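All remarks here apply to the structure that follows.
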Amino acid sequence: MKNLKERIESNHLRIYRSLHVRNGLSDEDITYLSFLEKGYEGEKKFDAWTSELSDNWLFLNDLSFECNKSEFQIDSMGITGDSIYLFEVKNYIGDYFIDEDRWYTNPKSEIKNPYDQLKRTESMFQKLLSDHKIHFKIKPYLVFVNPEFFLYHAPMNLPIIFPSQLNRFINQLKMQHFNLNANHFRVAELLLSLHKTESKYTHYPDYYYDRLVKGIICVKCSTFYTEVINGKLTCQYCGYDEKLCNGLLKSIGELKFLFPERKITTNSVYEWCNIYKSKKGIWKILRKNFKKNGHGKYSYFD
14 MKNLKERIES NHLRIYRSLH VRNGLSDEDI TYLSFLEKGY EGEKKFDAWT
64 SELSDNWLFL NDLSFECNKS EFQIDSMGIT GDSIYLFEVK NYIGDYFIDE
114 DRWYTNPKSE IKNPYDQLKR TESMFQKLLS DHKIHFKIKP YLVFVNPEFF
164 LYHAPMNLPI IFPSQLNRFI NQLKMQHFNL NANHFRVAEL LLSLHKTESK
214 YTHYPDYYYD RLVKGIICVK CSTFYTEVIN GKLTCQYCGY DEKLCNGLLK
264 SIGELKFLFP ERKITTNSVY EWCNIYKSKK GIWKILRKNF KKNGHGKYSY
314 FD
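Just so we're aligned, residue 14 is where the sequence shown starts under our numbering, counting upward by one.
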C-alpha cells in the first residue's frame, strides 16, 4: 500500500492535549478532548489494518474538502482499479441499536446517524469528482474498529464493516489485483491539492498564557518533569528521562505553536520551561538551533 498522506495528530488535537496538561481546559473541553482522542485512536487502528494491503493501493488519510460552499471530511480513502473507497471510521464502544433508521445508545439515547454522515460524504465527493471530470466508482464503507462495539437491528444491506469482519474484509481487498498507473497518481495528487488544511468549523478553546501551568511535559506520561540531573530531564512519576536539550526544544516548539505571536527569547523560554535555571544554557541552545535576530535585550530567535 502506497500512503500518499499519512495520518498525523491534527493541530486541533495537539492544542487540546497541551492545554489539558497545563490546566487550560474546562470540564466540557476535557470531555471533547476525550472524544478527539478516541476518534484518533480508532483511525490509527484502521491504518494498521490497511497497511497490510499491497502496492496496488493508494491511500490518503484525514482529508477535508469543500464543495458548493459546504465542507466534508474523509477519514481514509483507498484508490485502486476503477474505484475509490471511502472509509468512515468509528471507534464506538458499547451497545447500540437502530430503530426506524435512527441510531441509539443503550439505554435509549439518540445519536447522529453515522450512516447518514457517510451518505452525505459520498454525495458531496461524487459532486467534487464530477466537477473535476474524474470518473471513478465510489465505494463507501462505515467501519467500526472497537471489538467492544455491538449494533442491534442492523439492516443487512448497509455497507457496514463490524470489528469481527475486519480481517476478512481486508483479505478481500488484498485479493484485488489492479496495477496502478499514472492516472491513479494524477487523481490522488489532484485530491491532495484540493485538501483544506484547516476547517472553518474547527473549534478551539479560549486560552491565555498567564493561566497556563509552565514546565516541560514528559513525553511518556504527560506530567511535568521535576528535575534536571547531569544534563537530563527526569520524571518522578514514570521514571522516564531525556536529554535536556531535546526537552527544551520540544517545549519551545509547543510555545511557538500555542502562541505564535510571542517572540522566542532567553527570558521567555526560561519562564515557559520553568525547570532549567541557567539562562546562559538556554541562550546557547537557542543560538545553536535557531536564527538570532536583533541585538542585546531586543534580540529574539526564530
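Beta carbons: idealized from backbone N, C-alpha and C, even for Gly.
Remember, predicted model here, so these are calculated numbers, not experimental data.
Legend entry - Own chain partners of F182 with C-beta closer than 7 Å, once the 5 adjacent residues on each side are dropped: Translated into positions along the sequence shown, residue 182 becomes position 169. When the five nearest sequence neighbours on each side are left out, the beta carbons in the same chain lying within less than 7 Å of the beta carbon of F182 are those of I174, in order along the chain.
Inset, instruction - Whole angstroms is fine: what's the gap from K103's alpha carbon to F149's? - result: Taking the sequence shown and counting its residues from 1, one reaches residue 103 at position 90. Taking the sequence shown and counting its residues from 1, one reaches residue 149 at position 136. One C-alpha to the other measures close to 25 Å.
Inset, instruction - For G52, I'd like the list of residues in its chain whose CB is within less than 7 Å of its CB, leaving aside the five on either flank, ordered along the chain. - result: Indexing the sequence shown from 1 puts residue 52 at position 39. The residues are N104.
Legend entry - D75 to L225 span [Cα, whole Å]: In the sequence shown, counting from the first residue as 1, residue 75 sits at position 62. In the sequence shown, counting from the first residue as 1, residue 225 sits at position 212. D75 and L225: Cα-Cα distance of roughly 30 Å.
Legend entry - C-alpha gap between W62 and K310, whole angstroms: The residue given as residue 62 occupies position 49 in the sequence shown. The residue given as residue 310 occupies position 297 in the sequence shown. Distance between the alpha carbons of W62 and K310 is about 54 Å.
Inset, instruction - Within its chain, find whatever has a CB closer than 8 Å to the CB of L66; leave out the 5 residues flanking it on each side and keep chain order. - result: The residue you call residue 66 lines up with position 53 of the sequence shown. For L66, where only same-chain residues beyond five positions count, the Cβ hits under 8 Å are M14, F72, G91, I183, L186 and K187.
Legend entry - Nearest-angstrom Cα separation, counted from A201 out to N192: Here residue 192 corresponds to residue number 179 of the sequence shown, with the count starting at 1. Here residue 201 corresponds to residue number 188 of the sequence shown, with the count starting at 1. Using only the alpha carbons, I get a separation of about 15 Å.
Legend entry - CB contact flag (Y238, I229, <8 Å): Sequence index remark: in the sequence shown, residue 238 carries index 225 (1-based). Sequence index remark: in the sequence shown, residue 229 carries index 216 (1-based). Cβ distance < 8 Å, so Y238 and I229 count as in contact.
Legend entry - For S206, the three-state DSSP class (helix, strand or coil): In the sequence shown, counting from the first residue as 1, residue 206 sits at position 193. Correct three-state label for S206: helix.
Inset, instruction - Counting only runs of 3+ residues fully inside the segment 60-141, write out the beta strand (DSSP E) ranges in chain order. - result: 71-80, 83-93, 96-103, 107-112, 115-118 and 122-124
Inset, instruction - Tell me whether P273 is buried or exposed, calling it buried when 16 or more other Cβ atoms sit within 10 Å of its Cβ. - result: To locate residue 273, count along the sequence shown from 1; it is residue 260. P273 should be labelled exposed.
Inset, instruction - Within its chain, find whatever has a CB closer than 7 Å to the CB of I43; leave out the 5 residues flanking it on each side and keep chain order. - result: Working through the sequence shown from its first residue, we reach residue 43 at position 30. Excluding residues within five positions, the ones whose Cβ falls inside 7 Å are H33.
Inset, instruction - Report buried or exposed for E101, applying the criterion of at least 16 other Cβ atoms within 10 angstroms of its Cβ. - result: Mapped onto the sequence shown, residue 101 falls at position 88. With 16 or more other Cβ atoms within 10 Å, it is buried.
Inset, instruction - Please classify P176: does DSSP put it in a helix, a strand, or coil? - result: Translated into positions along the sequence shown, residue 176 becomes position 163. Looking at P176 - three-state DSSP - the assignment turns out to be helix.
Legend entry - the segment 75-89 in contact with the segment 137-145 per 3-pair CB rule at 8 Å: Counting Cβ pairs under 8 Å, three or more are found: they touch.
Legend entry - C248 burial status per 10 Å Cβ neighbour count (16 or more: buried): Along the sequence shown, one-based indexing puts residue 248 at 235. The residue is buried, with at least 16 neighbouring Cβ atoms inside 10 Å.
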